[in-house]
Structures are given as C-alpha cells and as structure tokens.
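Trainee: Structure incoming, see below.
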Amino acid sequence: MLADSMRRLLADKLDMEVREEARLSESGIPSDLWSNLAELGVIGALFPETIGGFGGSAWDVATVFEQAGRALVPGPFLGTLMAGHLLAQAGEAELLEKVIGGELIVTCAVPGSPSASPNLQIESKQGSTRLTGALEAVEYASAAEYVVAVFHSDSSPSAVLLKLVQEGCTVRSYPMIDLGTGADIHLESVSVELLATNVDDIKTTLAIGVLACCWEAVGLMSEIFEQTLEYLRTRQQFGTPIGKFQALQHRMADLAIELEQARSSAINAASHFGSDPRERDRFCSAAKYSVGSIGQRVAEEAIQLHGGIGMTWELPLSHYAKRLIMLNQVLGDDDLHLSRFVELSTAA
Amino acid sequence: MDLDFSAEDIAFRDQVRDFLAENLPAVLSRKVESGARLGKQDMEQWHSILNAKGWLANHWPIEWGGTGWSVLQRFIFETEAAMAHAPRTVPFGISMLAPVLIKYGSEEQKRYFLPRILDGTDWWCQGFSEPGAGSDLASLKTKAVRDGDRYVVNGQKTWTTLGQYADWIFCLVRTSADGRKQKGISFLLIDMRSPGIELRPIKLLDGDFEVNEVFFTDVQVPVENLVGEENHGWAYAKYLLTYERTNIAGVGGSIAQFERLRKMVARASGATLDRVSNPVFQHRLAKLEIALENMKTTNLRVLSAAGSGNAPSAHSSMLKIKGTEIRQEIHELMCRVAGPKARPFHIAALEHGPDTELGSPHGLESVASQYFNNRKLSIFGGSNEIQREIISKQILEL
Chain A
5 MLADSMRRLL ADKLDMEVRE EARLSESGIP SDLWSNLAEL GVIGALFPET
55 IGGFGGSAWD VATVFEQAGR ALVPGPFLGT LMAGHLLAQA GEAELLEKVI
105 GGELIVTCAV PGSPSASPNL QIESKQGSTR LTGALEAVEY ASAAEYVVAV
155 FHSDSSPSAV LLKLVQEGCT VRSYPMIDLG TGADIHLESV SVELLATNVD
205 DIKTTLAIGV LACCWEAVGL MSEIFEQTLE YLRTRQQFGT PIGKFQALQH
255 RMADLAIELE QARSSAINAA SHFGSDPRER DRFCSAAKYS VGSIGQRVAE
305 EAIQLHGGIG MTWELPLSHY AKRLIMLNQV LGDDDLHLSR FVELSTAA
Chain B
113 MDLDFSAEDI AFRDQVRDFL AENLPAVLSR KVESGARLGK QDMEQWHSIL
163 NAKGWLANHW PIEWGGTGWS VLQRFIFETE AAMAHAPRTV PFGISMLAPV
213 LIKYGSEEQK RYFLPRILDG TDWWCQGFSE PGAGSDLASL KTKAVRDGDR
263 YVVNGQKTWT TLGQYADWIF CLVRTSADGR KQKGISFLLI DMRSPGIELR
313 PIKLLDGDFE VNEVFFTDVQ VPVENLVGEE NHGWAYAKYL LTYERTNIAG
363 VGGSIAQFER LRKMVARASG ATLDRVSNPV FQHRLAKLEI ALENMKTTNL
413 RVLSAAGSGN APSAHSSMLK IKGTEIRQEI HELMCRVAGP KARPFHIAAL
463 EHGPDTELGS PHGLESVASQ YFNNRKLSIF GGSNEIQREI ISKQILEL
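Below, the structure written as structure tokens:
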C-alpha cells in the first residue's frame, strides 16, 4: 500500500527535468517533494513505532528504497535512515520527530569501513566537544540542518551530531554525477554533540544502510530491465524488431535470471536482518556484492542494447544506469563486500 | 613474427620520445593525462605540431605526405604518443576519409583535399548513421538526386562526432532505390557551410556535447564531390570502416591509460589503499594487464598480416571488440579505485583540467565521466554485436 502511494506520488512529481533541476539546485531535492513524502508516511516507515515511526522493519525499509530506486528519486533517504537510527539510539526523540515529519533534514556521514573514516581531531574543552577536520562527499548536506558523522578514533567508532550553520563550519556543495548533491564539509574547532551510541548501534546502522542500498539497486535494475525490454520490442533494424535476434534474446534471458538472483539476495538480507549481527552482516554483504556486480552488468548491458540512444542525456535510462553503477560505490562496493563475506564466513 | 625490438626500432622509439619531449606542450599533456575535455584549439594545435614534423599522416603513402613507417614503427609512435599523453589524432580526415580518397578518389580530389586535411584547413566529420540506420547502415535514406552538374541532398544524419567544429562532411547517400540497398549508395563530400545544412547538438550522458544531428534540406553538392563511382559507395564505406575499427581499438592509448591506472593504485592511501589491496581488486588488475599484453601482440599480428599500406582485414573486428572491452575495463577499474570519490561532479575540473583548484594530479574528478563516456566504444564504429557478425561470417564462415 505504501509502495503504491509512493509510486503514484513519484510518477506524478518526477521527470528528467525535475531531477536535473534538483541536481543543479542548492538542496539537490525537488522542491516540496520531501514534505510530500513525509506526509505520505514514507519517512516514518523507516523507523519503528517505539521511536515515533510507523514501521521500521527491514521490509519497510526495503519497500521505501525499492520504490525510490524505481522512480530514481533525488532525496536524502539513506542519510535520513542512518542518521535517524543513530539519533534514536542516542535518545534524541525531539529531533527524530521533526525528521519523521519532514520538517528537519538530518543527513549522515558514515564511512563504509574503518579505513574510510574521515580524519577528524576531537577535543573536549570545558564540557564542550569540538571537532576539526573534513568530511567528504556527504550526501545532501546542503539540504540538511544537521549531519550525524560517524568516525573511528582509536579504532572504536563514535557518532556526533553536527549543526551545519555555525562558526567554523563551511559546506561546499556540488552535484553528484549520478543523482542529487554531495558536499565537502570543513570544520575548524566546531562544537558538536557526542551521541550516546555504542559500537553495536553503529554496526546496526551501517547494516541497515547497506540493506537500503541493496533495495534501491533492485528497484533501479527492475526498471532498467523493463525499459530495455520495451526498447527491444520496438526498435527496428534489418526489417525487424531487434528483440527478435537470438543473440539479444539470450542476453536478456541471462539478465532476467541475474535480476531474480539480485532480488533474492536482497530478500535474504531482509529476512536475516533480525539474526545475530554476524549472520545479519554476512547476508547484507552477500546482497551488496550481488546487487553491485549484477547491477553493473545490467546497467552496462542496458546501455549497450539501446545502442547510440543509450548514450544520450535525453533518455531517462542513461541516468538510471549511472545511478545503479555509482550506487555500487556507496557503503562499500561489490569487491569489499565479497571479501567481507569471506571474512564473516570463516569460522569465528 | 619477431616481437623483439631491433636496434633500429629502439633508435626510432628514442627519436619519437625526444620529439615528444621537445614538442608536446605541457599544458596539453596535463589536460590529456587528467582526462579533462579538449577543445578545438587543443586538437588543432597538436595536429599542426605533428604536421610540421611530417608525422601527422603516418600511414599515408609517402607521395601524399606519409612517413613510410612499418607497422611496428606506427605502433611504436602510437604507443609513445599515448604514453606522453599527447591528444589522440582526430581520425575523420586523416584516418578515415584520406584512405578512401587515396584509393578511390580522383586526382583532383586528392590534390585538393589531402593537403588541406594535413595543414588543418579542413576539419572533417562523418555522415554515416541515421536515426533509422544504425547497425543497419545500408538502409540509410538520405537521398542525393542528380540534377545536371549537382546533387540535391535531403535527409538526416546522426551521431556526427564533433560536427560542430567541422568544415566538411563525408556522407553516404542514396542515389538509387533499385535492387539491393547496398547497391544504391554513393560517397559524397559536402561543404558544411552549404545552404540547407542544420546542425543540432546531442547531449550525452556525461553531460558533454560530442555528437550532433545534421539535417540536409535541398543541399546542392557539385558532382565533382562524388568519390569514385555513383552507387559504389558501400564498398568505399566498408573499406573506411576497417580503418575506423582499428583506430577505436586504440591499443597505444590503452597502454597509456593502464599506466595512469597503475599510478592511481600506487598513490593510494587510507580507504583507497584498502580497496586496491583487496585480492579481488588485485585479480581484476592482473587479468586486465594480461589481456592488454596479449592484445598488444594480437594488434601487431593483425596489422602485420595486412601489411604496410593495406587496409586491415576482417580481423580488425577482433581488434575492435577486444580493444574496446579493454579500454572500458581500464576506466571501470579507475572508478573502483576512486570509490566514493568518483561521484562528485566537478565541471570546472573537467573543463579546465588539473590547473584548477579542484583538479588533482590523479585526475579523480574525471574518472566517472570517462567511464560513462567510454560506454560508447562498444556501440559506435560498428557495434560489437555487428563486429561479431563480421567475424562469424567473414572469418569463421558460419
């Protein structure tokens, strides 16, 4: 039901012009879209009732992100999901309520691995915590009032809440090549709030982020596949629809299989989300690896099968394909997750 | 065949290196190295430097300005130029039209057009594909009707690379509707300034305007601009396309780009170092390196078999497929090295190169753009699917 209403809203509000306008805008989000989505309960669906949401299960996250992928929506879904979960763990109920209501955007800077941790110096002075350093490529930071930044100091992760409009904090925003905006944030002894989260909270947050990316990828690749199928049925060369050529039919058949495998991997990850952390992370890595490698193949094949048209800006498919390929680089790519799967599968 | 460089080859290679060191402007090579977009002046500047040396048209017959180099020497030059980050030569005049004029053109056409290609007076573009004639090029519909001492051309071409810079366009046009579609095609040279020609740029997925649509409305073309015989254009086109294919395989360029990838890997630190140290990535890199080494030799074998001055054979289709796949994978691996840093889109760095504040010597800003732009390699120049048809029919005779 949420999927349907989300799909209808996005079909109504989004086209390539709107997306491009958003990408070049300050916030990176189509105007009013975020509050429309909040009204529909899309943001609330990402969080459990216990913390003011309407859902919050792995399946709810899957639903929202699959639809976001299907519609190629610019918006801080991932940042909201991860920041929101950390705010909830830290007991920041008031802020979270505003996030769920769509009035406040809090995005998240989470490194995909400890070595990806930003270089930040933290100092405690007279009861206040101050941060110096830089955060890179933080999604939708220019649309946000706060960023929840996770970083590793002395090999243990910490989370801080950073208010962006304050002295010493500069945000340099730019479009991302695929979708939306990112920003480099420069910090000079900036006051932040240390969030009361522990290692497990942060690991869970990372896992839910990975799960979300997997489902966005599934949505993207399903849409890409369907558009490609339609093209093969209509484009004529040599006096026939090119979908009649056996070579292309077999390639599409192979992609159809891989697509199902990708979806299954995401289902597995959602099903096992409640398991012990090791199992949960193992299935999440299996899924991220699967959608990453299959996604790249689907995206590249789709462009190829469209021929020259697939290379044009005008065709929405080319933008879907860019997003799917770049999504592989969010929260660790297929190679990283394959290695992680091996690590997690090796006896403890 | 003996692939070891002889003493003469090594001397030649050193001569090429010296020339490049002394004559390739640093501003230009830095732009090329970082993957920044080149402008018309950039490309023209390099052409004129090469032409002053007499090395621009190195595969032409000596009588028309060629160098008389062997296949191996041409390969050495291509590789060294790429390694020094020289711009790729714009192929349309030098490597695509010129061989056709040399083999099939009239003396007047050769005497008129070839020097103007060399000295940069005429920038050429290609009018082959149409919206309804991509893979099925022979089904092209742009019509040329003979009217006294001219042809009147009506129709539309698409995917015309750098048409916005061009002075002339070489076009495949339909001069007869009788019989098989291949039998009614002619090869016509058209001045882009002719009344009735309209150019419309096409934006590509990387945000740049590299190709165009070209519309022809009652364009008058002197009959002297017909190359060879009327209705024989398909044979000339096929001849031209074997050159286009080998060019796109771009083995020399791949060697240089692989070096750039290797440098990116060597400079890695932090999370990037983790990514490139991952055995999965290491295996990708190793397999690609092996494929490239193999390809260098395959390339030489195919070109040697054709012999100096001859068009590459149907085996050029193999070069096209493998060469483009390797080129694409090199840029895919660059994106993998860059990781999350591949996503920020800094247009300033792309347009001006590494001298802007955003530009890094690693050229990270450009890797995703180049990767996406390179998806065209397996599509244009005769898609890799068509190349497989050629291999199946002409080499394997299936």
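For the record, the sequence lines run as chains A and B. Reminder that position 334 of the first sequence reads as 338 in this note's numbering, one-by-one numbering, no gaps. Reminder that position 85 of the second sequence reads as 197 in this note's numbering, one-by-one numbering, no gaps. Note that CB positions come from ideal geometry on N, CA and C, so glycine has one too.
1. So, helix, strand or coil for lysine 167/A, using DSSP?
2. Considering asparagine 324/B, what are the terminal residues of the alpha helix (DSSP H) in which it resides?
3. Any idea what DSSP makes of phenylalanine 155/A, helix, strand or coil?
4. Using the Cα positions of alanine 274/A and leucine 412/B, report the straight-line distance between them to the nearest angstrom.
5. Check whether the region 53-70 of chain A and the region 214-223 of chain A touch, using three or more Cβ-Cβ pairs below 8 Å as the test.
6. Which residues does DSSP list as the beta-bridge partners of glutamate 101/A?
7. Is it buried or exposed, glutamine 130/A, if we count other Cβ atoms within 10 angstroms and call 16 or more buried?
8. May I have the straight-line CA-CA distance separating glutamate 501/B from alanine 426/B, to the nearest angstrom?
9. Name the residue from Leu76/A, Glu264/A, Val194/A whose alpha carbon lies nearest to the alpha carbon of serine 128/A.
10. Give a yes or no on whether the C-beta atoms belonging to phenylalanine 242/A and aspartate 154/B are separated by under 9 Å.
11. Using a Cβ-Cβ cut-off of less than 8 Å, give me the residues of the region 349-382 of chain B that come near chain A, in sequence order.
12. Rank Cys283/B, Ser298/B, Asn496/B by C-alpha distance to the C-alpha of alanine 289/B and give the top, closest one.
13. Just to make sure I have the definition right: I need the residues of chain B whose C-beta is within less than 7 Å of the C-beta of glutamine 253/A. Which are they?
14. By Cβ distance below 6 Å, which residues in the same chain neighbour isoleucine 503/B in space, the five residues on each side in sequence not counted?
15. By how many angstroms is the C-alpha of serine 141/B removed from the C-alpha of threonine 468/B?
16. Could you give the distance in angstroms between the alpha-carbon of alanine 378/B and the alpha-carbon of arginine 396/B?
17. What would DSSP say about tyrosine 144/A, mapped onto helix, strand or coil?
18. Could you spell out the range, first to last residue, of the beta strand (DSSP E) harbouring glycine 239/B?
19. Using DSSP's beta-bridge definition, name the partner residues of glutamine 241/A.
20. Run down chain B in chain order and give the residues with a C-beta less than 7 Å from the C-beta of tyrosine 178/A.
21. Could you spell out the range, first to last residue, of the alpha helix (DSSP H) harbouring isoleucine 438/B?
22. Leaving out the 5 sequence neighbours to the left and right, which residues in its chain are closer than 8 Å to lysine 371/A when beta-carbon positions are compared?
23. I want to verify the contact list: residues of chain A whose CB lies under 7 Å from the CB of asparagine 390/B, in sequence order.
24. So is cysteine 237/B in contact with chain D if we call contact Cβ pairs under 9 Å?
25. Thinking just about the alpha-carbon of each residue, which of Pro52/A, Ser61/A, Thr136/A, Arg239/A is nearest to the one in leucine 309/A?
26. Mind listing, in chain order, the continuous alpha helix (DSSP H) runs of no fewer than 4 residues lying wholly within the region 279-329 of chain B?
27. What residues from chain B crowd round glycine 223/A, counting only those whose CB sits closer than 9 Å?
28. Within the 9 Å Cβ cut-off, does phenylalanine 204/B reach chain A?
29. Which runs of the alpha helix (DSSP H) fall wholly inside the region 136-175 of chain B and span at least 4 residues, in chain order?
30. So, helix, strand or coil for leucine 338/B, using DSSP?
31. Since aspartate 248/B meets chain A, which of its residues come closer than 7 Å, beta carbon to beta carbon?
32. First and last residue of the alpha helix (DSSP H) that includes lysine 215/B?
33. Which residue comes first and which comes last in the alpha helix (DSSP H) that contains tryptophan 181/B?
Mentor: With the given structure in hand:
1. For the purposes of this step, residue 167/A is identified with residue 163 of the first sequence, where counting begins at 1. When secondary structure is reduced to three states using DSSP, lysine 167/A falls in the strand class.
2. Sequence index remark: in the second sequence, residue 324/B carries index 212 (1-based). Here asparagine 324/B belongs to no alpha helix (DSSP H); instead the beta strand (DSSP E) covers 323-334.
3. By one-based count along the first sequence, residue 155/A stands at place 151. It is a strand residue.
4. Counting from 1 along the first sequence, the entry for residue 274/A is found at position 270. Counting from 1 along the second sequence, the entry for residue 412/B is found at position 300. Approximately 52 Å between the Cα atoms of the pair.
5. Counting C-beta pairs closer than 8 Å gives three or more between the region 53-70 of chain A and the region 214-223 of chain A, which meets the contact rule.
6. By one-based count along the first sequence, residue 101/A stands at place 97. Per DSSP, none; premise fails for glutamate 101/A.
7. Translated into the one-based positions of the first sequence, residue 130/A becomes position 126. When all chains shown are included, glutamine 130/A counts as exposed.
8. Against the second sequence, residue 501/B aligns to sequence position 389. Against the second sequence, residue 426/B aligns to sequence position 314. Distance between the alpha carbons of glutamate 501/B and alanine 426/B is about 11 Å.
9. Counting from one through the first sequence, the residue named residue 128/A turns up at place 124. Minimum Cα distance to serine 128/A is reached at Val194/A.
10. By 1-based counting over the first sequence, the position of residue 242/A is 238. By 1-based counting over the second sequence, the position of residue 154/B is 42. Not in contact: phenylalanine 242/A and aspartate 154/B (Cβ atoms no closer than 9 Å).
11. Gly382
12. Taking the first residue of the second sequence as 1, we reach residue 289/B at position 177. It is Ser298/B whose Cα lies nearest to the Cα of alanine 289/B.
13. Working through the first sequence from its first residue, we reach residue 253/A at position 249. Result: empty, since nearest Cβ-Cβ is about 13 Å, beyond 7 Å.
14. Reading the second sequence from its first residue, position 391 is the one you call residue 503/B. Taken in chain order, the residues that qualify are Ser429.
15. Start at 1 with the first residue of the second sequence, and residue 468/B comes out as number 356. Start at 1 with the first residue of the second sequence, and residue 141/B comes out as number 29. With a pLDDT of only 49 at threonine 468/B, under the threshold of 50, the placement of this residue in the model should not be trusted; the figure read from the coordinates follows. Taking the straight line joining both Cα atoms gives about 15 Å.
16. In the second sequence, residue 378/B corresponds to position 266, counting from 1. In the second sequence, residue 396/B corresponds to position 284, counting from 1. Distance between the alpha carbons of alanine 378/B and arginine 396/B: 15 Å.
17. For the purposes of this step, residue 144/A is identified with residue 140 of the first sequence, where counting begins at 1. Residue state, collapsed to three classes: coil.
18. In the second sequence, the residue the question calls residue 239/B occupies position 127. Per DSSP, glycine 239/B belongs to the beta strand (DSSP E) from 236-239.
19. Your numbering for residue 241/A matches position 237 in the first sequence. Paired residues: Thr244/A.
20. The sequence position of residue 178/A within the first sequence is 174, counting from 1. Per Cβ cutoff of 7 Å: Pro456, Phe457, His458.
21. Taking the second sequence and counting its residues from 1, the one referred to as residue 438/B is at position 326. Per DSSP, isoleucine 438/B belongs to the alpha helix (DSSP H) from 428-450.
22. The question about residue 371/A has no answer, for chain A in this structure spans 5 to 352.
23. In the second sequence, counting from the first residue as 1, residue 390/B sits at position 278. Result: Asp339, Leu340, Ser343.
24. Looking at the structure shown, chain D is missing, and the protein chains on hand are A and B.
25. One-based indexing of the first sequence puts residue 309/A at position 305. Among Pro52/A, Ser61/A, Thr136/A, Arg239/A, the Cα nearest to that of leucine 309/A is on Arg239/A.
26. none
27. Here residue 223/A is taken as the residue at index 219 of the first sequence, counted from 1. Ordered by position in chain B, no residue passes the 9 Å Cβ test against glycine 223/A, which lies about 19 Å from the chain.
28. To locate residue 204/B, count along the second sequence from 1; it is residue 92. With 9 Å as the cut-off, phenylalanine 204/B does not count as an interface residue toward chain A.
29. 138-146, 152-165
30. Stepping through the second sequence from its first residue, residue 338/B is reached at position 226. Correct three-state label for leucine 338/B: strand.
31. The residue you call residue 248/B lines up with position 136 of the second sequence. The contacting residues are Gln241, Phe242.
32. Numbered from its first residue, the second sequence carries residue 215/B at position 103. 210-216 is the span of the alpha helix (DSSP H), which, as asked, contains lysine 215/B.
33. Along the second sequence, one-based indexing puts residue 181/B at 69. Segment: none, tryptophan 181/B is in no alpha helix (DSSP H) and carries neither H nor E.
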